[in-house]
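Scroll down for the structure; my scribbles are underneath it.
Number of protein chains: 2
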Amino acid sequence: MLGGYGYSSDAIRDRVREAAAGLGYRPNRLARGLITGRTQTIGVVAADIENAFYASAIRSVGDVARSHGFGVIVTNSDENLQLEREAVQLLMEKRVDGIIVSPADLNRPKHLLDAVAAGCPIVQIDRVARGLEADSVTVDNVGAARQCVERLIAAGHRRIGFLAELEIGYLGDVASFLKLVKKAPPEPHTLYPSWQRLLGYLGAHRGAGLAIEPRLIRRVGAYSVAAARATTHALLSGEQRPTALFTGDGTMSVGALEAITALGFAIPADLSLICFDDLDWMKFVRPGITAASQPVHEMGRAAAELILSRINGDTAPVHRIVLPASLTERRSVEPPAEPAA
Amino acid sequence: MLGGYGYSSDAIRDRVREAAAGLGYRPNRLARGLITGRTQTIGVVAADIENAFYASAIRSVGDVARSHGFGVIVTNSDENLQLEREAVQLLMEKRVDGIIVSPADLNRPKHLLDAVAAGCPIVQIDRVARGLEADSVTVDNVGAARQCVERLIAAGHRRIGFLAELEIGYLGDVASFLKLVKKAPPEPHTLYPSWQRLLGYLGAHRGAGLAIEPRLIRRVGAYSVAAARATTHALLSGEQRPTALFTGDGTMSVGALEAITALGFAIPADLSLICFDDLDWMKFVRPGITAASQPVHEMGRAAAELILSRINGDTAPVHRIVLPASLTERRSVEPPAEPAA
DNA sequence: CTGAAAGCGCTTACAG
DNA sequence: CTGAAAGCGCTTACAG
């Protein structure tokens, strides 16, 4: 270098690298990103990070990303379309290589279409927006709900209550939905999870030749424990009480269990319960309840792998991955093996 | 522009901006970051994103960051020092403006010192590493635990069980810790939360002139529900059973409650319970339990505001923010107001 | 096979 | 007050 002599570049290179590492040199990924056009970063727009479902999904996305040298920028839309738009805008400005999103409004995906048009791959998780030709990873809610209800029917139940949020994602009420289903069953993937689960409930009844009793289908109308508690209370206090109850998700399950407790049941002897357990905490609450849980980690992993393959130039047609939900019998807590002192 | 005529630059500028927005122009923050040296990004290294404590903290950090036009890159150390080092390295290469971290190993913060030396501000959350002169946001675990136990003592209890993980963060066992405390009480902020809570337990006893019964202090030794269950079972099955139990965190509380249930108690009539409830789910489990919960959102917000002020050049001495933990009486679930049908 | 130059898209200091 | 130039730290294509 100094004298302009020739030298073995490899050796020098190694020494330079060592020296650099010793001095704490860190390559500047901004500069690299500017030149290569890839930032090695995945953007995530979660509907609600605090929700255990998204927390777990993000964890899996992060694991996969890390193993490929990618980072993850996490944003929260709070189920708010405007916040989601701003989040996508920020992620685009930061030039993430791809975005994983659970769209807050399935009917207004323009900002997502724009992102795709701008060359930013999108993978949808948990939900599929109408008219957005982008990959998706969802759960077979129809099948899972159907399986739950079939199980109750097989156990001899004929009056099965159904409790779900049923507010967003379909513009009519339950009655008009029932009519719609009779005429022309809607494509499941255009519905929000709670309506998909109702579809499964209806399917199980149809399959068993049982009539639908609209009184047993309760729309809570809000994502709230208190509302679910009140609705459950009304359902169970009335006449013609159901002998079994199927709740549409974790929040509804909490409200239902609270109501049952308030009504005086420790573990209900005359009521079978199957609960959707997004949050996987139900095992701590009441042993002996059957729970249907979502394969959250698989979902996060699948979404991350999809986005990475798109980033790497995969141009295959849109992937619509639908994972099965699993039915889990929560075992009663057994006393520990350790002998009592 | 075309003819080189003079023009009102403001009007043109506006029109250019509008046109740009219409065409979907997005400023490239990479380029801006390269030139300004600021990426408007906060890095977070959480010990475990799936844990509701960190999920909530991250949510608050994200809220504060967004309101200042910042993004958040989230990584997960899984309580693993090597993963934490790699995460910090990645964040530095991505040139984040500051890092919020819950150090996995309080005794080996070299990588964090390096980051500070390289000009990257660090804010510690939940824990404080030894010898790291960086801001921190923690909870007054000693005070909170002391308050819980004082409450049990005031209610007349004289035999109070204590259940905590007590594995990491102190190199000796419980007996040697008790000796150490007698000689020279350690600085709380150099201890992990579970030892801090034990310190509070001891303080409450000392304050009331009660002797410590080592048999009542149970080290679970692992962050596991099953282990906590077994330990609780052993404690409650033995002779000289405590009349009250104080559990050191959410996971320990779950195990304790499971063991109590398995032993046949619906709501224990002869046992008072105060539980640390990091996760804030306990209200769903057993009404009537007193819970001490951490002000997670305040912690996240405080950490984000601290890091932003450092990024903006605040050179004040190290801040050590210690937030009070709050004692919450979970009310029994009341039947809904709605009249029964 | 090596090394100097061009350029990614911005911001900022500086000449006109 | 305006506009052209320099430069952030890299990668890549290209001349020697």
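Line by line, the protein sequences are chains A and B. Take the first sequence: its position 224, counted from the start at 1, is 224 in the working numbering, and no numbers get skipped. Residues are numbered in the working numbering as their position in the second sequence, beginning at 1, plus a constant of 1000. Every residue, glycine too, gets a C-beta built ideally from N, C-alpha and C. Small disclaimer: the values here were computed from a predicted structure and weren't measured.
Cβ pair residue i, residue j closer than 8 Å
i: Leu106(A); j: Arg85(A); result: no
i: Thr1290(B); j: Ala1256(B); result: no
i: Gly200(A); j: Asn141(A); result: yes
i: Pro1214(B); j: Val1149(B); result: no
i: Val1254(B); j: Ala1292(B); result: no
i: Leu1245(B); j: Leu1327(B); result: no
i: Asp1135(B); j: His1297(B); result: no
i: His1068(B); j: Leu1306(B); result: no
i: Leu30(A); j: Arg1095(B); result: yes
i: Ser56(A); j: Glu1258(B); result: no
i: Thr251(A); j: Tyr223(A); result: yes
i: Phe355(A); j: Gln40(A); result: No information on residue 355(A) is available, as it lies outside the stretch 1 to 341 that chain A covers here.
i: Ala1325(B); j: Val1137(B); result: no
i: Arg346(A); j: Thr190(A); result: Beyond the ends of chain A as shown, which are 1 and 341, falls residue 346(A); an answer cannot be given.
i: Pro1242(B); j: Ile1153(B); result: no
First and last residue of the uninterrupted alpha helix (DSSP H) at residue i
i: Asp63(A); result: Ala52 to Ser67
i: Asn1141(B); result: Asn1141 to Ala1154
i: Gln294(A); result: Where Gln294(A) is concerned, there is no enclosing alpha helix (DSSP H), given that its DSSP letter is neither H nor E.
i: Ala87(A); result: Leu81 to Glu93
i: Gly1200(B); result: Pro1193 to Ala1208
i: Thr41(A); result: It is not in any alpha helix (DSSP H) - Thr41(A) instead sits in the beta strand (DSSP E) that spans Thr41 to Ala46.
i: Ala1228(B); result: Val1225 to Ser1237
Proximal residues of chain B, C-beta to C-beta of residue i below 8 Å
i: Asp114(A); result: Gly1024
i: Met299(A); result: Those do not exist, as Met299(A) stays about 14 Å from chain B at its closest Cβ, beyond 8 Å.
i: Ile73(A); result: Thr1041, Gly1071, Val1072, Ile1073 and Val1074
Residues that residue i contacts on chain B, provided the C-beta gap is smaller than 7 Å
i: Ala316(A); result: Residues of chain B passing the Cβ test: none, with the nearest at roughly 26 Å.
i: Ser56(A); result: Glu1050
i: Leu34(A); result: Leu1030, Ala1031 and Leu1034
i: Arg59(A); result: Ile1049, Glu1050 and Asn1076
Endpoints, beta strand (DSSP E) assigned at residue i
i: Gln1124(B); result: Ile1122 to Ile1125
i: Val96(A); result: Looking at the DSSP string, Val96(A) is not in any beta strand (DSSP E), and its letter there is neither H nor E.
i: Leu1030(B); result: Not the beta strand (DSSP E): Leu1030(B) falls in the alpha helix (DSSP H), residues Arg1029 to Thr1036.
Contact list for residue i against chain B, beta-carbon separation under 9 Å
i: Thr39(A); result: Leu1030 and Lys1094
i: Leu163(A); result: None at all; the shortest Cβ gap to chain B is about 14 Å.
i: Pro27(A); result: Glu1093
i: Ala118(A); result: Gly1024 and Arg1026
i: Gly62(A); result: Ile1049, Val1074, Thr1075 and Asn1076
Coarse secondary structure for residue i, derived from DSSP in three states
i: Arg219(A); result: strand
i: Ser1253(B); result: helix
i: Asp1114(B); result: helix
i: Phe70(A); result: coil
i: Ala134(A); result: coil
i: Gly1300(B); result: helix
i: Leu1178(B); result: helix
i: Leu1327(B); result: strand
i: Ile307(A); result: helix
i: Ile1100(B); result: strand
i: Thr1190(B); result: helix
i: Pro1109(B); result: coil
i: Ala1259(B); result: helix
i: Pro1214(B); result: helix
i: Leu1171(B); result: coil
Chain A residues whose Cβ lies nearer than 7 Å to that of residue i
i: Ile1088(B); result: In the sequence under discussion, the amino acid at residue 1088(B) is Val, which differs from the Ile named in the question. Those do not exist, as Val1088(B) stays about 10 Å from chain A at its closest Cβ, beyond 7 Å.
i: Asn1080(B); result: Residues of chain A passing the Cβ test: none, with the nearest at roughly 12 Å.
Which residues DSSP lists as bridging residue i, in chain order
i: Ile1160(B); result: Ala1244(B)
i: Asn76(A); result: Ala46(A)
i: Arg1320(B); result: Ser1136(B)
Contact test: residue i Cβ vs the ligand SAM heavy atom, cutoff 7 Å
i: Phe1177(B); result: You won't find the ligand SAM in this model; it holds no ligand whatsoever.
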